[in-house]
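Under my numbering, the letters of the sequence shown match residues 1161 to 1300, in that order.
Ideal Cβ placement from N, Cα and C applies to all residues, glycine included.
So the structure is just underneath, and the comments pick up after that.
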Amino acid sequence: MKNSQTARYYCVISDEMFEKVRTECLPAFNANNSAGAGALIVTAFVRDVSGYGGGGEPANELENGWGIYDLGLANENLILKAEEMGLGTLVMGIRDGEKLRRFLQIPENETVVSVIAVGYAAAAAKMPARKSLEDVAVFL
């Protein structure tokens, strides 16, 4: 289905839930890196909609890959807007999806994908060297 808008955002802003999610749903290195953020945004998408026809059949072999793709596009817009507003973000894919589902009451028909910490950066990020164009593109 086109323009199905399956992205879902669970915004963790209360101090109590922030600490619970940060310390119980993230590994230690992500919990440490997200300490002091203003919010944690848990991202998910509704399965079996994006990339599926009206009869529930997959449009192609990607099936729910389209839901993840669409969510990634929406997440990038969120991250770019945060940057425009002077905020830093940290996207964390290593998380305990089932605990997040329970703590935030995320429905079973949604796939938990990532947690995005949003806030004022405490330090500049250390980025790996960019790959060359030849490493990522094929010219025919």
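The alpha helix (DSSP H) enclosing residue i, as first and last residue numbers
{"i": "Arg-1262", "result": "1257 to 1264"}
{"i": "Val-1298", "result": "Unbroken run through Val-1298: none, as it is neither H nor E."}
{"i": "Lys-1180", "result": "1175 to 1185"}
Cβ pair residue i, residue j closer than 8 Å
{"i": "Ala-1219", "j": "Tyr-1212", "result": "yes"}
{"i": "Asp-1208", "j": "Gly-1216", "result": "yes"}
{"i": "Tyr-1250", "j": "Ala-1277", "result": "In the sequence under discussion, the amino acid at residue 1250 is Leu, which differs from the Tyr named in the question. In this structure, Ala-1277 lies closer than 8 Å to Leu-1250 by Cβ."}
{"i": "Val-1202", "j": "Leu-1264", "result": "yes"}
Supposed contact pair residue j and residue i - C-beta distance, whole angstroms, cut 8 Å
{"i": "Leu-1231", "j": "Ala-1285", "result": "Incorrect: roughly 22 Å between the Cβ atoms, too far for contact."}
Residue range of the beta strand (DSSP E) that includes residue i
{"i": "Val-1275", "result": "1270 to 1279"}
{"i": "Arg-1168", "result": "1167 to 1172"}
For the region 1192 to 1262, which segments carrying the alpha helix (DSSP H) assignment without a break, of at least 4 residues, lie completely within its bounds, in sequence order? For the region 1192 to 1262, whole alpha helix (DSSP H) runs of length 4 or above, ordered along the chain, are 1225 to 1244.
Any contact of the region 1254 to 1261 with the region 1288 to 1296, i.e. 3+ C-beta pairs under 8 Å? Contact fails: fewer than three Cβ-Cβ distances are below 8 Å.
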